[in-house]
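In what follows, a single structure is set out as structure tokens and then discussed.
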Amino acid sequence: MTASPKIAVLFICLGNICRSPLAEGIFRQTVMRAGKAEQFQIDSAATGSWHIGNPPDERAIETADYHNIDIGGQRCRRIDKDDFHRFDFIICMDRSNIANVEALRPAGSKAKIELFLQFALGRNQPVPDPYLDMNSSFEEVFQLIENASLGLLTRLTA
Ligand code: 4NP
Numbered sequence: 000m001t002a003s004p005k006i007a008v009l010f011i012c013l014g015n016i017c018r019s020p021l022a023e024g025i026f027r028q029t030v031m032r033a034g035k036a037e038q039f040q041i042d043s044a045a046t047g048s049w050h051i052g053n054p055p056d057e058r059a060i061e062t063a064d065y066h067n068i069d070i071g072g073q074r075c076r077r078i079d080k081d082d083f084h085r086f087d088f089i090i091c092m093d094r095s096n097i098a099n100v101e102a103l104r105p106a107g108s109k110a111k112i113e114l115f116l117q118f119a120l121g122r123n124q125p126v127p128d129p130y131l132d133m134n135s136s137f138e139e140v141f142q143l144i145e146n147a148s149l150g151l152l153t154r155l156t157a
């Protein structure tokens, strides 16, 4: 018997130091808790190039730590053409991420490009950027992503 192919999920945000690293770490924990880790390949990337090679923002690392999730080993990378063939789902934090990702999509890619909260929870809203938006705290963003990760798992395994 051969193993069934994994569902490959790539989380995208602008900088890949706040929201998408949290989404990668939280969704990984969500699938582990559900006993489904072997069914998924999970990664994250940026549309921008400012932070390539850097670890996540300290506040993102601390917030994840507080919830016993270690994201400190992640390193920022930029989305590349191969990602459009390697990943089944490219899950974006906001609409500008979607526009940036769509602009890079190569011919022949079958990846589904989705807005995270819309796809996971049926809510047509962005995950607010705690790096740029002083009104959104890292803890609030954590809770939102944790909730959406459960919805995403349900959607992808239904
Ligand atoms: P993220 O937040 O997209 O959630 O990682 C940002 C981090 C850095 C920048 C913008 C957004 N930046 O402009 O450096």
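Residue 56 in numbering that gives the first Met the number 0 sits at position 57 of the sequence shown, with consecutive numbering throughout. For each residue, glycine too, the CB sits at the ideal point set by N, CA and C. Predicted model only: the values in this text are computed from it and were never measured.
Discussion item. Taking 7 Å as the cut-off, is the C-beta of C12 nearer than that to any heavy atom in ligand 1?
Written reply: yes
Worksheet entry | Residue of G107, Q117 and L21 minimising C-alpha distance to Y130 | L21
Worksheet item: Heavy atom of ligand 1 less than 7 Å from the Cβ of I16, yes or no?
Response: yes
Worksheet item: Which class does R104 belong to by DSSP, given the choice of helix, strand or coil?
Response: Reduced to three states, the DSSP call for R104 is coil.
Discussion item. Excluding the 5 residues flanking A36 on each side, which residues of the same chain have their C-beta closer than 6 Å to its C-beta?
Written reply: V30
Discussion item. On a Cα-Cα basis, can you pick out the residue from M133, I51, D128 and Q40 that is closest to F79?
Written reply: The residue asked about is misnamed: residue 79 is Asp in this sequence, not Phe. Closest in alpha carbon position to D79, among M133, I51, D128 and Q40, is I51.
Fill in: Coil, strand or helix - A157 by DSSP
Here A157 sits in coil by DSSP.
Worksheet entry | Straight-line gap, A7 to H84 (C-alpha atoms, nearest Å) | 10 Å
Fill in: Enclosing beta strand (DSSP E) for F88 [first to last residue]
F88 to C91
Worksheet entry | Beta-carbon contacts of G47 that lie in its chain and below 7 Å, excluding the five residues immediately before and after | L13 and G14
Discussion item. Suppose contacts are defined by Cβ-Cβ distances below 8 Å. Is V126 in contact with R18 by that definition?
Written reply: yes
Worksheet entry | 7 Å Cβ shell around G150 - same chain, five flanking residues per side excluded | A119 and L120
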